[in-house]
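Enquirer: My structure is below; once you've seen it, I'll send some questions.
Protein chains in written order, with my numbering: chain A, 1 to 268; chain B, 1001 to 1268; chain C, 2001 to 2268; chain D, 3001 to 3268; chain E, 4001 to 4268; chain F, 5001 to 5268.
Set out below in structure tokens:
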């Protein structure tokens, strides 16, 4: 309705101003629209401890999946300091400048992206809207694998749904591109299979190594940012079985990893 | 036809003027179009007692669903004083500024939205056009849960139907996005399930607590606006079983809650 | 073909001029196009007695359905004096300015709209193109009930097919809106059920009270316009059983109501 | 290809010039396009006798169907003198200026349109491209009967496929309008049934009265134009059984009606 | 990719220059695009003997089908001298300027068009891209027969898929035009049947008269252009059984007709 | 999201600059978009040995398929020196300037295109994104074979899905072009069959001659560019059985062909 429209524009302008945009951008509209749908007005930028804790688990999910999948690029840092619309982020440090990517590298990237949602599910039992962007990227990548890069064995080296457009004249060359229902179904199913397989891979990595998930999330919550070296250090100690012993020592003087949920407020 | 078109434009201009628009807006057209379809000319803004009573029930529906679902934000106020096209409204007071929302929070918001229609059904036995906007928002939210935020377990963390558009060139990057009939059917069914589940939740809350529905609607009809404190007070007394006893005392000196339907006119 | 196109433009210009349009409007094109399809050239505006008689039945259909459905707004007047493209019309006098409409009110409005076609069928046994506009409005209303206002119990409080458009950027926010064949079929069937139910309701009202249909149509044909009071008077007398007796008295000095079909030409 | 495109433009310009257009029109393109598809260059405008004969049968088909269907408007004239792209035409003289048309009048109009093709089939055994325009109009009319005027009993008084467009904003109000496959199938089948029924009606009229078809076509071929009076005269004589006797007398001094096929060239 | 795009533009510009276009045309893009897809750069315009031989068979296919189908227009000439993108062509000499075409004439035209491909198949056993334009025209014609000219008995005199567009307003009048899957299937099947039937007719004509195919192709290869008279001469001699005897005489001093495949290079 | 958008624009600008574009092109966006999806920042242009090795296999795939399919044009050169977005390329030297292509030539071209992906699969066991462009071209070619050039025997000489567009008016002539699900399915299946058949052909050629694949890839990796003569030399020696003997001699002083995977780094 009209009132909602006004809300939407106002919200978008406020978002734009806050993140330093000179003009209202598409992105600001998207943020504002979610707000209006939820029927809530934006107040201050003070994050609750619950949000910080959830973000710590989410970023740890990205980090751990990358550490456990061989051939992943090294992690530069992970942080829960919000920037723009994002409550946290994990940065990678690619070893080289690739022009082409292998199928397994594509799959690993999808897994990295879905690691956050997998951690949400394991740590808090509930998905959040925060993983929307990760899901969008993972889906786009899976779609390209199937439709553009011929990485589905069932479909083979064939392009699906390409528009065959003439860029100069702004219209298609000749033929329309509707595929049959049978082929569309196969494409949908191949994309879903890639997504599902990588998501199960994430869930397995995180649930098989839940102590590390707790330790890393706890550490990230305390320090707000972890460098690749710090992450690697914790990861190596965990792998070497050292983690377990150190945990026992620390248990007397500090809180337990699982305390993170209830005692979040006594940090800072 | 042409005559209808003239009506439509005139109605839209009148709406625009009344709600203070400098130019005729899309919103005004929508309002005018419903009028023309109904074949009625707009007269004065005097509301009938029946409309006020129905609005009181409708707003009470929003209020009660929010009170009974744990984790809902506090209510700021509820009112049946009309503003713009809306006969009444319920305002919330969010505890914090969230950037992400959990699945249960999304479900609760859908329930708040559908609470009005649920109250209409229980109190007057008949749906009205007034819930159209609530339904639109609830559907948009359910759709985002399934298609954007990966909150359907049957579909998983996968984006559905995204346009993959190039904003600068104003057209899509490459591929069209038609999904198979099977997947479309699953999406439709998941969205409907979310809506249906939350609507049943509303109906249960309201029918299990019909005395409170009557009391709150009656109170809202008398005072036209109830603050969050006033609502909370009535809610707490009802929960503490005090409501029942007070009702009995009041029955001798005032009208019964169910009288609201017939005696609406004796309020000033 | 080209010749047809010329006809079309000429016809449209003539229509526009006749109904006082400064520029040719869409509406004029529609009128002209039907003419061209029929292969007939427009001549004078003299209506045949048959057309007047059919119009009298048609308007009486609108009137009677409104009189027999409780909660309908009062009728202001009914007329068979042509205006613009319309051969006659029935005007209502709404009791109040509603912002929302109940499901039963929507159903009654659909019935009022279909009353004309129902009368055509009963009185002349044959549908005409004249009911096209009524049918269009009734269908649009039934569609809104199902798709926008959540008034179908089988579908529930869910919006169907909304475009989710960004008005400022002139394009959709993200997702396409194709529904599955199953849901589309259910929507079609719910809309058809509403239309069919109200049309049967009209047919029943009119055939159960055919003497009143004949009396009212006859009266409308003689006077060309009937006020709400005149209509109400005839309606009340019919209901009180007075009509029957008066009919018998009048039979000797005037023509019988059913004569209307054959003796239409002896009115001045 | 490019060469074809050049042909197309040249042909279109030639057509436009011949029929007196200042600029090339859509219509000219259509004519030119058929020429190019056929791979033929246009030469002179001299018609063969075979074409004249076929046209005489075609126009007679329109005339006879109109004469035998009660309630058809009188015929003004029929001619086989070519004008623009048309080799002949039949003009009607409507009795009054109707604003609405009955279902039976619509059906009769469809029959008049299909009468030409029916005559082609009976007289020459072969359809030609010349009936394309008649078929287009008949189909458009049958479609409007079903989708706009509610004249299909199986579908009822319901609008199908209307766009619900906002003319000022140049886009649709809200909802898309896709119907289910089931309803679309029913609509297709109802339209086809109307067309088929009227075409069979034409075939029956013409084959039951083939002697009149031969006489009228012969007369039209000789005189090139027949007035309504001349047509009516022949028709009445045929009906009165006079035709048969006159035929026998004329057989000795002139050619037989069926000679038209073989002796077309001996007329001046 | 970008490099391909550059190739495409360059190729198109070269094509345009060669065929004398002042600006790059759509047609040039099409030619260029096929080149780029094939991954080949254009060099000189010297045709191989194999291409000339294949073209001779192809044009002979067009010629023979026209000679053997009664009612075909006379042939003006056939040539294998390339012009523009076309390696050869066959020109007809229509007897009169028709405004309408019979069904059998349409079928014959489709057969003439497909004669080239049929000859390719019989003479070289392999289809080439050169018949693309013939196939496009034959399909467009078959489609018009079924969808526009009512020439399919199974569908009847009904227009399929017409857009019903308003040329002045640039948009459709009212209704969308989607047909049911059942009708679309029938249309596809009727179009395919017409094509298939005419293609089989071509194959039969050519294989029943393969000696004539060899003789005509050989003659065309030697002279590069054959006039209608020359073609007719060879055709008549073949029919009169003279061909056979002359062949025997010539066998001693010249090469056999089937030698054309292997000895193509010894012609100057 | 907004941040991604900024990344996308920046990446595109960088790409454009590097490959010498004055303005950002579509192509640059595509490259940038893949980068952003992968979540990697571009660094330097130093290629890893693994990438060079994989490229060597890939180009060898193109080369070998062309050598083993009779009638292929000669190879000009193959190189693994990157240019633009491409890591390597294989250039052909067409013998003549063809205007038409036979079916077998089209099939061979598809095979040449898919040879790279086939080599990836055999040599490294894993597909990469690098074959995306080859797949796109092969699919477009297979589609043209089926839909434009009538090269599918099951469908016959019929154009599928052509738009029948009027270039001057910028819209379609008349009819829409939706095909039935049955025909669309057949088209999809015919295109897939062509692709699948040629891909299997590639796999067979490469696996039947794996020693040559190893030799050629090794040679290409060492010299970075191989001329057509050098390739032909190796190919002929392999065919003459000489290769096998020479290999044995060289084994003592140089590395074995299969060493290429592990010892890539010891080349300068």
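Here a beta-carbon is modelled for each residue, glycine too, at the ideal position from N, C-alpha and C.
Tell me the start and end of each unbroken beta strand (DSSP E) in the segment 1070-1142 of chain B that is at least 3 residues and wholly inside, in chain order.
Expert: Listed in chain order, they are 1075-1079 and 1089-1092.
Enquirer: Please determine, among F:5197, F:5110 and F:5048, the residue with the shortest C-alpha to C-alpha distance to residue 101 of chain A.
Expert: Your numbering for residue 101 of chain A matches position 101 in the first chain. For residue 101 of chain A, the nearest C-alpha among the options comes from F:5048.
Enquirer: Report the residues of the segment 4059-4081 of chain E with a CB closer than 9 angstroms to any CB of chain D, ordered along the chain.
Expert: Listed by position along the chain: 4073.
Enquirer: Start and end of the beta strand (DSSP E) containing residue 227 of chain A?
Expert: On the first chain, residue 227 of chain A is found 227 positions in, with the first residue counted as 1. Residue 227 of chain A -> beta strand (DSSP E) spans 225-227.
Enquirer: For residue 1207 of chain B, count neighbouring C-beta atoms within 10 Å of its own C-beta (all shown protein chains included) and say buried if the count is 16 or more, exposed if not.
Expert: Numbered from 1 along the second chain, position 207 holds the residue referred to as residue 1207 of chain B. The residue is exposed, with fewer than 16 neighbouring Cβ atoms inside 10 Å.
Enquirer: Determine the chain F residues that contact residue 4087 of chain E at a beta-carbon separation under 7 angstroms, and present them in chain order.
Expert: Counting from one through the fifth chain, the residue named residue 4087 of chain E turns up at place 87. Within 7 angstroms Cβ-Cβ: 5099 and 5100.
Enquirer: Run the CB neighbour count on residue 5054 of chain F, radius 10 Å, all protein chains shown included, and call it buried at 16 or more, exposed below.
Expert: Stepping through the sixth chain from its first residue, residue 5054 of chain F is reached at position 54. It counts as buried.
Enquirer: Within a Cβ cutoff of 8 angstroms, which residues of the same chain sit near residue 1156 of chain B, ignoring the five residues on either side of it in sequence?
Expert: As a first step, residue 1156 of chain B must be located in the second chain, where it is residue number 156. 1150.
Enquirer: What are the boundary residues of the alpha helix (DSSP H) that includes residue 3154 of chain D?
Expert: Numbered from 1 along the fourth chain, position 154 holds the residue referred to as residue 3154 of chain D. Where residue 3154 of chain D is concerned, there is no enclosing alpha helix (DSSP H), given that its DSSP letter is neither H nor E.
Enquirer: Taking the beta carbon of residue 3081 of chain D as the centre, do at least 16 other beta carbons fall within 10 Å, making it buried, or is it exposed?
Expert: Locating residue 3081 of chain D in the fourth chain gives position 81, where the first residue counts as 1. Exposed, because fewer than 16 other Cβ atoms sit within 10 Å of the Cβ of residue 3081 of chain D.
Enquirer: Determine the direct distance from the alpha carbon of residue 185 of chain A to that of residue 5184 of chain F, and round the result to whole angstroms.
Expert: Translated into the one-based positions of the sixth chain, residue 5184 of chain F becomes position 184. Translated into the one-based positions of the first chain, residue 185 of chain A becomes position 185. Taking the straight line from one Cα to the other gives about 14 angstroms.
Enquirer: Report the rounded CA-to-CA distance for residue 160 of chain A versus residue 113 of chain A, giving the unit in angstroms.
Expert: For this step, residue 160 of chain A is matched to residue 160 along the first chain. For this step, residue 113 of chain A is matched to residue 113 along the first chain. Taking the straight line from one Cα to the other gives about 24 angstroms.
Enquirer: Closer than 8 angstroms is the cut-off here; do at least three beta carbon pairs connect the segment 4060-4079 of chain E with the segment 4205-4222 of chain E?
Expert: Counting Cβ pairs under 8 angstroms, three or more are found: they touch.
Enquirer: So, are the CB atoms of residue 3116 of chain D and residue 3087 of chain D less than 8 angstroms apart?
Expert: Working through the fourth chain from its first residue, we reach residue 3116 of chain D at position 116. Working through the fourth chain from its first residue, we reach residue 3087 of chain D at position 87. Taking 8 angstroms as the Cβ cut-off, residue 3116 of chain D and residue 3087 of chain D do not qualify as a contacting pair.
Enquirer: What does residue 5132 of chain F touch in chain A if you count any residue whose Cβ is under 7 angstroms from its own?
Expert: For the purposes of this step, residue 5132 of chain F is identified with residue 132 of the sixth chain, where counting begins at 1. Near residue 5132 of chain F (Cβ distances below 7 angstroms), the residues of chain A are 148 and 149.
Enquirer: How would you list, in chain order, the residues of chain B whose beta-carbon sits under 8 angstroms from the beta-carbon of residue 2182 of chain C?
Expert: Taking the third chain and counting its residues from 1, one reaches residue 2182 of chain C at position 182. Ordered by position in chain B, the residues that pass the 8 angstroms Cβ test against residue 2182 of chain C are 1185 and 1188.
Enquirer: Spatial neighbours of residue 146 of chain A within its chain, please: CB distance less than 8 angstroms, with the 5 preceding and 5 following residues excluded, ordered by chain position.
Expert: For the purposes of this step, residue 146 of chain A is taken as residue 146 along the first chain, with counting starting at 1. Result list for residue 146 of chain A: 152, 155, 160, 187, 190, 191 and 194, in chain order.
Enquirer: Tell me the DSSP secondary structure of residue 2198 of chain C in three-state form.
Expert: Reading the third chain from its first residue, position 198 is the one you call residue 2198 of chain C. Residue 2198 of chain C: helix per DSSP, three-state reduction.
Enquirer: Check whether chain F comes within 8 angstroms of residue 4114 of chain E, counting only Cβ atoms and requiring the distance to be less than that.
Expert: Against the fifth chain, residue 4114 of chain E aligns to sequence position 114. So, interface residue.
Enquirer: Cα-Cα, which of A:111, A:232 and A:56 is closest to residue 134 of chain A?
Expert: Numbered from its first residue, the first chain carries residue 134 of chain A at position 134. Ranking the options by Cα distance to residue 134 of chain A, first place goes to A:111.
Enquirer: Enumerate in chain order the residues of its own chain whose CB-to-CB distance from residue 83 of chain A is below 8 angstroms, with the five nearest sequence positions on each side excluded.
Expert: Position 83 of the first chain, counted from the first residue, corresponds to residue 83 of chain A. Contacts found: 89.
Enquirer: Determine the burial state of residue 1241 of chain B: buried for a count of at least 16 other Cβ atoms within 10 Å of its Cβ, exposed for fewer.
Expert: As a working mapping, residue 1241 of chain B is identified with position 241 in the second chain. With fewer than 16 other Cβ atoms within 10 Å, it is exposed.
Enquirer: In chain A, which residues lie less than 9 angstroms from residue 5192 of chain F when you measure between Cβ atoms?
Expert: Start at 1 with the first residue of the sixth chain, and residue 5192 of chain F comes out as number 192. Here the neighbours are 155, 156, 158 and 183.
Enquirer: Is residue 3279 of chain D buried or exposed, if buried means 16 or more other CB atoms sit within 10 Å of its CB?
Expert: Because chain D spans 3001 through 3268 in this model, residue 3279 of chain D falls outside it and cannot be assessed.
Enquirer: Measuring CA to CA, which of C:2050, C:2069 and C:2141 is closest to residue 2235 of chain C?
Expert: Residue numbering aside, residue 2235 of chain C sits at position 235 when the third chain is read from its first letter. Per the Cα distances, C:2069.
Enquirer: Look at residue 3140 of chain D and residue 3057 of chain D and say whether their C-beta atoms are less than 8 angstroms apart.
Expert: Taking the first residue of the fourth chain as position 1, residue 3140 of chain D is located at position 140. Taking the first residue of the fourth chain as position 1, residue 3057 of chain D is located at position 57. Cβ atoms of residue 3140 of chain D and residue 3057 of chain D: not closer than 8 angstroms.
Enquirer: So the alpha helix (DSSP H) residue 5060 of chain F belongs to, where does it begin and stop?
Expert: Taking the first residue of the sixth chain as position 1, residue 5060 of chain F is located at position 60. Residue 5060 of chain F -> alpha helix (DSSP H) spans 5049-5068.
Enquirer: Among A:227, A:212, A:103 and A:107, which one has its Cα closest to the Cα of residue 200 of chain A?
Expert: In the first chain, residue 200 of chain A corresponds to position 200, counting from 1. It is A:107 whose Cα lies nearest to the Cα of residue 200 of chain A.
Enquirer: Consider the Cβ of residue 2196 of chain C: report whether some Cβ of chain G lies at a distance smaller than 8 angstroms.
Expert: This model lacks chain G altogether; the protein chains it does include are A, B, C, D, E and F.
Enquirer: So, at 8 angstroms on beta carbons, what are the nonlocal neighbours of residue 2044 of chain C in its own chain, with the 5 sequence-adjacent residues on each side left out?
Expert: The residue given as residue 2044 of chain C occupies position 44 in the third chain. Unreliable placement is indicated for residue 2044 of chain C, whose pLDDT of 47 sits below 50; the coordinate value is still reported in the next sentence. Counting only Cβ-Cβ distances below 8 angstroms, and skipping sequence neighbours, we find nothing.
Enquirer: Look up residue 180 of chain A in the DSSP assignment and say whether it is helix, strand or coil.
Expert: Here the question's residue 180 of chain A lines up with position 180 in the first chain. Three-state DSSP puts residue 180 of chain A in coil, outside helix and strand.
Enquirer: Would you say residue 273 of chain A reaches chain F, if we count a Cβ-Cβ gap shorter than 8 angstroms as a contact?
Expert: With chain A running from 1 to 268 in the structure shown, residue 273 of chain A is simply not present.
Enquirer: Could you tell me the distance, in whole angstroms, from the CA atom of residue 2077 of chain C to the CA atom of residue 2143 of chain C?
Expert: Position 77 of the third chain, counting from 1, holds the residue named residue 2077 of chain C. Position 143 of the third chain, counting from 1, holds the residue named residue 2143 of chain C. Each residue's alpha carbon lies about 28 angstroms from the other.
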